[in-house]
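A.B. asks: Let me give you the structure first, and then I'll get to my questions.
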Amino acid sequence: MIPAKIPTQTNEPASDWISYSRQTVTESDIAAVIQALQGDYLTTGPLIEEFERQFADRVGARFAVAVSSGTAALHLAMLAAGLGSGDRVITSPNTFVASANCAAYAGAIPDFADIDPLTGNLSPQSLAAAWSADTKGVIAVDYAGIPADLPAIAAVVRSHGGVVIEDACHAIGGRFFHQNQSYSIGGHPWADITTFSFHPVKTLTTGEGGMLVTDNPDYADTARLLRSHGLVRDPSHFLPGESMGWHYQMQQLGFNYRMTDFQSALGISQLARLEDSIHRRLQIVDRYNQAFAGLPGVQTPPDDGQSQGFSWHLYPLQIDFVGLSLPKDLFVKYLTKHNIDTRVLYLPVYWHPWYQQQYGYRKGKCPQAESFFLRVINLPLHCSLTDAQIERVIRQVRNCLTNPSLVYF
Ligand SMILES: *Cc1c(COP(=O)(O)O)cnc(C)c1O
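The opening position of the sequence shown corresponds to residue 27 in this note's numbering, with each subsequent residue numbered one higher.
Shown next, in the form of structure tokens:
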């Protein structure tokens, strides 16, 4: 039974704290989940396939496989593409650790090429220079929602016979222009597999959750098999003494990476609002860009100019903290004191102690990614921000940038 009163989700905590990111959950999202909870399936039910079908349609892919997280989608992408022991897989250092960890899970060697200093995305030139005989694949990340240069990246990778995985966890529902044609992320020809995350900070959430999309039926089959222990129920594989009634058989070592039915209910409900969410984030990015353009020592993120089709996850502002004599940590503290939450994304992945110990990577490996990390600050960006809150962020950031000595008071 539906409780008489569904608690109302307030989208911002009681204080005037402005989160850097958070989910937006509506009454109809809540109703959809409650309805799923009252159905016959909690885990693998009919809503999984429904969510997969709608998601595949939206991004323009042939196949979609729903999984328990974006990290699980990346891991399955590695295995489906046959990347593993002895293979080197190159990704961007300017990303969440999961983009690189998945290669290590599969027994491959995660490696890094440098970024383009404006977009924060993998540079095709650095990728070409970093390619070695054992490199077999690339994970291109659409940092902040800015699409990586997939046509140029795919040209490099495919000239060597490698596989292109696109980690589009930041770019759900995004589009980009290439040679005057519009392409959707997940539906263009320059990635073999594309992965998404539905973590609450992402543009569409299912709590935890993720999706792998591909046009390759073999990749889709493998991902589907491995998401549920590698178990099959195909009668052609009966062992002696078995019957249809109880047969199942494990042919490969798989995992429990399943999404639940009620998470899919939330996903379907959120997907119905995706265009609005993308549009609202775009509005906020436009407002920030307009407010910060032309300030000395400040670089706003690039937009695509033509289609306005980016699906923004983060707002990365690059600031010349050294040139402005503005210590970055004091700038962050100043904003925190004014109830504005920020992030610094990302610490170059190979700076993490595990990467240094495991692979011997050292500082200096990707100078552009390191300098980006020193300059970047991510301002609040999510659909529950009010216009007044956005103006508050702008006012405080502009105050500091035009009068850096403020941070000392
Ligand atoms: C969020 C994210 C992931 C991991 O997704 P989870 O759903 O949290 O496992 C992977 N890559 C990038 C770039 C992300 O932002």
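Don't be surprised by glycine CBs; every beta carbon is placed ideally from N, CA and C. What you are looking at is a predicted structure, and each value in this text was computed from that prediction instead of being measured.
1) Rounded to the nearest angstrom, what separates Leu109 and His408 at their Cα positions?
2) Alpha carbon to alpha carbon, how far is Trp157 from Gly386? Give it in angstroms, no decimals.
3) For Phe138, which residues in the same chain have their Cβ closer than 8 Å to its Cβ, ignoring the five residues on either side in sequence?
4) With a cut-off of 8 Å, do at least 3 Cβ pairs link the segment 183-201 to the segment 215-224?
5) Counting along the chain, where does the beta strand (DSSP E) carrying Ile44 start and finish?
6) Would Leu153 and Ile179 be called neighbours here (beta carbons separated by less than 8 Å)?
7) Using C-beta distances below 6 Å, list every residue in its chain close to Ala106, excluding the 5 sequence neighbours before and after it, in chain order.
8) Does the segment 275-290 come close enough to the segment 306-325 to have 3 or more Cβ pairs within less than 8 Å?
9) Could you pull out every unbroken beta strand (DSSP E) segment of at least 3 residues lying fully inside the segment 348-414, listed in chain order?
10) For Arg307, which of helix, strand or coil comes out of DSSP?
11) Measuring from the CB of Phe122, is there a heavy atom of ligand 1 at a distance below 7 Å?
12) Would you call the segment 344-354 and the segment 399-416 touching, i.e. three or more CB-CB distances under 8 Å?
13) With three or more beta-carbon pairs closer than 8 Å as the criterion, would you say the segment 60-71 touches the segment 157-172?
14) Comparing C-alpha positions only, which one of Leu411, Pro327, Trp338, Gly323 sits nearest to Ile366?
15) Is Phe89 closer than 8 Å to Ser82 when the C-beta atoms are compared?
16) Where does Asp160 sit, in a helix, a strand or coil, going by DSSP?
17) Please go through the same chain and pick out, in chain order, the residues whose beta-carbon is closer than 6 Å to the beta-carbon of Gly71, but skip the five residues on each side of it.
18) In terms of DSSP beta bridges, what is Glu192 paired with?
19) Taking just the CA atoms, how far does Leu361 sit from Ile44?
20) Exposed or buried, what is His201 when buried is set at 16 or more other beta-carbons lying within 10 Å of its beta-carbon?
21) At the level of alpha carbons, what is the spacing between Arg84 and Gly133?
22) Just checking Thr220 against ligand 1 - is the residue's beta carbon closer than 7 Å to any of the ligand's heavy atoms?
23) Would you decide whether Ser77 is buried or exposed? Buried here means 16 or more other CB atoms lie within 10 Å of its CB.
24) Is it right to say Tyr274 is buried, meaning 16 or more other beta carbons lie within 10 angstroms of its own, or is it exposed?
25) Go ahead and pull the three-state DSSP assignment for Ala40.
26) Given Ile294, which residues of its chain have a CB within under 8 Å of its CB, disregarding the five upstream and five downstream residues?
27) Once DSSP output is grouped into helix, strand and coil, what is the label at Ala30?
C.D. replies: Considering the structure as presented:
1) 35 Å
2) Inter-residue distance for Gly386 and Trp157 is about 18 Å (C-alpha atoms, whole angstroms).
3) Ile116, Thr117, Ser118, Pro119, Ala126, Ala156, Pro374, Val375, Tyr376, Tyr387, Lys391, Cys392, Ala395
4) yes
5) Note, Ile44: premise wrong, no beta strand (DSSP E); not H, not E.
6) Contact: yes.
7) Apart from sequence neighbours up to five positions away, the residues of its chain that approach Ala106 with a beta-carbon distance below 6 Å are Tyr245, Thr248, Ala249, ordered along the chain.
8) no
9) 402-405
10) helix
11) yes
12) yes
13) no
14) Leu411
15) With the sequence shown as reference, residue 82 is identified as Ala, and Ser is not the correct amino acid for it. A contact, by the Cβ cut-off of 8 Å.
16) coil
17) Answer for Gly71: Asp287, listed in chain order.
18) Ala166, Thr220
19) Straight-line Cα distance between these residues: approximately 10 Å.
20) In the sequence on display, residue 201 carries Arg and not His. Under this definition Arg201 is a buried residue.
21) The C-alpha of Arg84 lies about 33 Å from the C-alpha of Gly133.
22) no
23) According to the sequence as given, residue 77 is Phe; it is not Ser. With 16 or more Cβ atoms within 10 Å of its Cβ, Phe77 is classed as buried.
24) A residue is called buried once 16 or more other Cβ atoms fall within 10 Å of its Cβ, and Tyr274, having fewer, is exposed.
25) In this prediction, Ala40 has a pLDDT of 48, which is less than 50 and means its spatial position is unreliable; what the coordinates show is noted afterwards. Coil.
26) Ala58, Leu73, Glu76, Phe77, Gln80
27) Reliability fails at Ala30, whose pLDDT of 47 lies under 50, so the model's placement of it is uncertain and the value that follows must be treated cautiously. Reduced to three states, the DSSP call for Ala30 is coil.
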